[in-house]
Amino acid sequence: MSAVAGVSRFVAGRLVSLVLTLLATSFLVFSAIHVAPGDPESFLLRGRGVSPEALAAVRTQYHLDEPLPVQYWRWLSGVLTGDFGRSLQFRQDVGGLLAARLPTTLWLVGYATVLIVVAGVLFGALAALRPGPVDTTIMVGSTVAAATPSFVAVIGLSAVFAVTLDLFPTFGNGEGFADRLWHLTLPAVALALSTVGLLARVTRSAMLAELGREHVEVARARGIPPGTVVRRHVLRNALGPITVLTGLIVAGMFVLTAIVETAFGLSGLGSLLVQAVTAKDFPVVQAISLLVVVAFMVINLLVDLVHPLIDPRMGRHDSRVLP
Amino acid sequence: MNVLEVDGLTVVLPGGSHRPLVDGIALRIGAGEVVGLVGESGSGKSVTARSALGLFPARSRVTGSVRVAGTEVVGLAGEALRRLRAEQAAMIFQDPRASINPLRRVGDFLTEAVRTNRGWARARSRDRVVELLGEVGIADPGAAMRRYPHQFSGGMLQRVMIAAALAVDPMLLLADEPTTALDVSTQAEIVAILLRLQAERGMGMLFVTHDLELAASICHRIAVMYAGRIVEEQPADRLFRAPRHPYTQGLLAATPTLPSATGGAVQASGRLVPISGRPLSLTDTPPGCAFAPRCPRAIALCTATAPDLHSSGAERVACHRADESVGAGG
Chain A
1 MSAVAGVSRF VAGRLVSLVL TLLATSFLVF SAIHVAPGDP ESFLLRGRGV SPEALAAVRT
61 QYHLDEPLPV QYWRWLSGVL TGDFGRSLQF RQDVGGLLAA RLPTTLWLVG YATVLIVVAG
121 VLFGALAALR PGPVDTTIMV GSTVAAATPS FVAVIGLSAV FAVTLDLFPT FGNGEGFADR
181 LWHLTLPAVA LALSTVGLLA RVTRSAMLAE LGREHVEVAR ARGIPPGTVV RRHVLRNALG
241 PITVLTGLIV AGMFVLTAIV ETAFGLSGLG SLLVQAVTAK DFPVVQAISL LVVVAFMVIN
301 LLVDLVHPLI DPRMGRHDSR VLP
Chain F
324 MNVLEVDGLT VVLPGGSHRP LVDGIALRIG AGEVVGLVGE SGSGKSVTAR SALGLFPARS
384 RVTGSVRVAG TEVVGLAGEA LRRLRAEQAA MIFQDPRASI NPLRRVGDFL TEAVRTNRGW
444 ARARSRDRVV ELLGEVGIAD PGAAMRRYPH QFSGGMLQRV MIAAALAVDP MLLLADEPTT
504 ALDVSTQAEI VAILLRLQAE RGMGMLFVTH DLELAASICH RIAVMYAGRI VEEQPADRLF
564 RAPRHPYTQG LLAATPTLPS ATGGAVQASG RLVPISGRPL SLTDTPPGCA FAPRCPRAIA
624 LCTATAPDLH SSGAERVACH RADESVGAGG
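Protein chains in written order, with the working numbering: chain A, 1 to 323; chain F, 324 to 653.
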């Protein structure tokens with residue numbers, strides 16, 4: 001009972017700070033576009049020379065003549081009711097635009113996350129448990145992968161697997177589960193490649209630290225089978241850093257999708273963001289930026305909630321020491 | 324039958340000009356016997372105790388023989404070594420908090436060995452462990468099993484550790500400074516529990532400690548180690564009354580003795596006399612007796628050649644001057 005109360009108090013506290021952070025970042029996101037060079041109205045007018053009267057009319061139509069705080073308040077109250085404004089280049093609701101693009105990005109990030117976690121933990125564990133050539137090979141490989149920017153990975157992957165070997169498509173989202181998976185494989189690999197090595201490294205060092213712990217030696221001294229020792233005592237105890245880093249990687253991937261989606265012609269949020277930035281389509285840029293911030297904070301909240309499950313010492317439940 | 328027989332055990336770390344961690348150790352423990360292994364840090368007592376479980380330092384070179392209940396441990400590996408650890412011998416370590424996985428429930432730790440090595444069902448292992456927790460004096464064992472290690476005090480965790488060691492019914496119990504990390508009042512309780520369970524089950528026990536007085540009060544026999552060698556071994560009461568090696572004499576003179584609780588003549592226990600000098604480091608490899616540089620009775624012979632461990636009856640001593648009569652204490 002007290003455990004439940006403790007957890008809900010913790011969650012409530014985190015939600016309050018999440019809302020406050022969102023408020024602050026939403027203002028930054030909103031005002032940033034006005035600090036950036038170039039006016040939205042010049043995009044609206046597509047460089048045509050117009051009379052000052054016509055310009056003023058456009059500014060009034062898009063509320064660009066109002067002071068920044070007023071504009072922000074107008075935008076924020078819209079966002080809170082689900083109205084993100086209208087896209088300047090597509091002439092349709094930003095909300096609908098995002099809803100159509102969101103699934104592709106979520107699929108891509110989810111797919112890449114699975115790849116990163118499976119490959120990263122596997123290679124990291126292998127490196128920790130097999131010192132010598134296996135360890136060295138994995139570490140060199142992870143360094144090369146980590147040093148490869150996403151756009152280089154994109155070019156290399158499509159050249160080899162899509163163009164030369166013709167195994168995967170170079171373009172498009174795909175329909176249905178299998179087709180989607182097939183279309184998203186190369187983008188997901190490109191997205192995963194740079195961070196798999198990072199996770200492998202962290203897994204390796206966390207596991208090496210645990211391997212040196214006394215309780216692991218005690219488990220061996222008790223005749224516990226080696227596989228069980230690794231699973232229950234080494235990997236299990238290394239989960240803390242692995243979870244934290246996975247959270248950061250997933251959150252960061254929402255930004256990286258911009259490159260990968262554009263390169264593979266996927267119509268997700270990332271490619272939309274690139275188009276919107278180029279076109280100075282500020283309602284879209286603001287909405288996507290805000291979504292990325294939300295995704296980042298929600299993922300961090302999840303990581304924080306999972307942590308006490310991994311390490312009971314961090315639990316907010318009863319932790320009295322018995323005499 | 325001897326549950327532990329060590330003969331000529333020598334463990335050398337790889338590379339360099341180190342002296343062996345332990346050098347030519349010979350030791351026997353019979354069923355139901357408690358043998359103390361006493362020495363200061365780095366004397367090789369833990370290395371000796373761990374050898375019974377085949378826990379040798381990484382890449383070290385091991386020669387000699389260690390037999391646990393007749394099974395040769397040196398050279399044992401894989402499944403056979405695992406079975407020895409799972410069935411014949413169990414160890415209690417110095418720091419229970421470091422020895423138990425902090426992220427798993429105490430019940431998981433306790434039942435792990437019987438469940439994985441004997442394939443016992445959950446209910447059977449639980450019943451067994453609950454019974455053992457009662458025997459080591461943990462109130463409400465059922466609740467204790469659901470708790471995490473950080474919710475226990477050090478003394479309680481050491482009881483858990485003892486229960487875990489006993490869960491596999493070992494013939495040999497290795498206690499590596501089991502009370503050093505605990506406070507004094509808890510130490511006495513833990514020692515009492517260990518001795519009671521050892522006697523009830525007729526296990527052989529190797530009790531490793533740096534505390535000669537503690538060893539003398541609970542062990543049948545005591546072996547004193549210095550710089551990787553056994554320098555003296557005697558029945559506990561004799562060793563305490565008539566130590567023959569100058570190092571043992573020095574240890575006793577450096578140990579505060581409490582006046583007996585029953586009153587009597589409260590003797591001022593005299594001044595404590597520390598042993599002068601420093602323990603030998605691992606890189607010191609003197610040709611003669613390792614203790615000679617600190618020995619008040621060293622003669623030229625002592626620094627030239629190392630004395631052998633001579634047996635006579637129940638006692639063994641490695642000192643060139645052991646046969647000269649000296650006043651106890653030095």
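C-beta: ideal position from N, C-alpha, C; glycine also. Given the structure is predicted, the values throughout are model-derived calculations rather than measurements.
Note on Asp506/F: under 16 other CB atoms within 10 angstroms of its CB, so exposed under the neighbour-count rule. Counting only the Cα atoms, Leu489/F lies some 10 Å from Leu456/F.
With 16 or more neighbouring CB atoms inside 10 Å of its own CB, Val285/A falls in the buried class. Leu245/A and Arg482/F have their C-alpha atoms spaced approximately 37 Å apart. Counting only runs that start and end inside the stretch 352-428 of chain F, the beta strand (DSSP E) elements of at least 3 residues fall at 357-361, 384-391, 412-415. At least 8 Å separates the beta-carbon of Ala188/A from that of Ala153/A.
In the DSSP annotation of this structure, Asp499/F is not part of any alpha helix (DSSP H); the continuous beta strand (DSSP E) holding it starts and ends at 495-499. Residue ranges of uninterrupted alpha helix (DSSP H) with 4 or more members, entirely inside the stretch 226-282 of chain A and ordered along the chain, are 236-263, 269-278. Neighbourhood of Ala421/F in chain A, by CB distance below 7 Å: Glu214, His215, in chain order.
The Cβ of Met468/F sits no closer than 8 Å to any Cβ of chain A. Rounded to whole angstroms, the separation of the alpha carbons of Leu350/F and Arg373/F is 13 Å. With fewer than 16 other Cβ atoms inside 10 Å of its own Cβ, Gln92/A counts as exposed. When 7 Å is used as the limit between beta carbons, Val218/A is near these residues of chain F: Phe416, Ser422, in chain order. Per DSSP, the unbroken beta strand (DSSP E) holding Glu638/F starts and ends at 638-640.
Ranked by Cα distance from Pro566/F, the first of Ile541/F, Gly398/F, Leu535/F is Leu535/F. Look at Asn173/A here: in three-state DSSP terms it is coil, with no helix or strand label. Gly527/F has Leu495/F as its beta-bridge partners, per DSSP. Residue burial is scored here from C-beta neighbours: Ile242/A has at least 16 other C-beta atoms within 10 angstroms and is therefore classed as buried. With respect to the C-alpha of Thr203/A, the residue from Ser142/A, Val292/A, Thr170/A having the closest C-alpha is Ser142/A. Residues of chain F with a Cβ closer than 9 Å to the Cβ of Ile224/A are, in chain order, Arg405, Arg408, Ala409, Glu435, Ala436, Thr439, Asn440.
In summary, Thr386/F is exposed, with fewer than 16 beta-carbon neighbours lying within 10 Å of its beta-carbon over all protein chains present.
Using a Cβ-Cβ distance cut-off of 8 Å, the stretch 223-239 of chain A and the stretch 153-172 of chain A are not in contact, since fewer than three pairs of beta carbons, one from each stretch, lie closer than that value.
For Gln557/F, the secondary structure class from DSSP, reduced to helix, strand or coil, is strand.
Straight through space, the alpha carbons of Arg427/F and Ala637/F are spaced by roughly 46 Å. Sequence-distant Cβ neighbours of Ala125/A in its own chain, meaning closer than 8 Å and more than five residues away, are Thr203, Arg204, Met207, Val230, Leu235. Beta-bridge partners of Ile348/F (DSSP): Leu332/F. One alpha carbon belongs to Val389/F, the other to Leu376/F, and they sit about 9 Å apart. For Phe84/A and Gly78/A, the gap between their C-alpha atoms comes out near 6 Å. In this model, Phe563/F and Ala436/F are separated by some 39 Å (Cα to Cα). Of all residues in the stretch 368-380 of chain F, only Leu376, Leu378 come within less than 7 Å of chain A when Cβ atoms are compared, listed by chain position. No Cβ-Cβ contact shorter than 8 Å links Pro501/F with Ile598/F.
Among the residues facing chain A, Leu529/F is not included, as its CB has no counterpart in that chain under 8 Å away.
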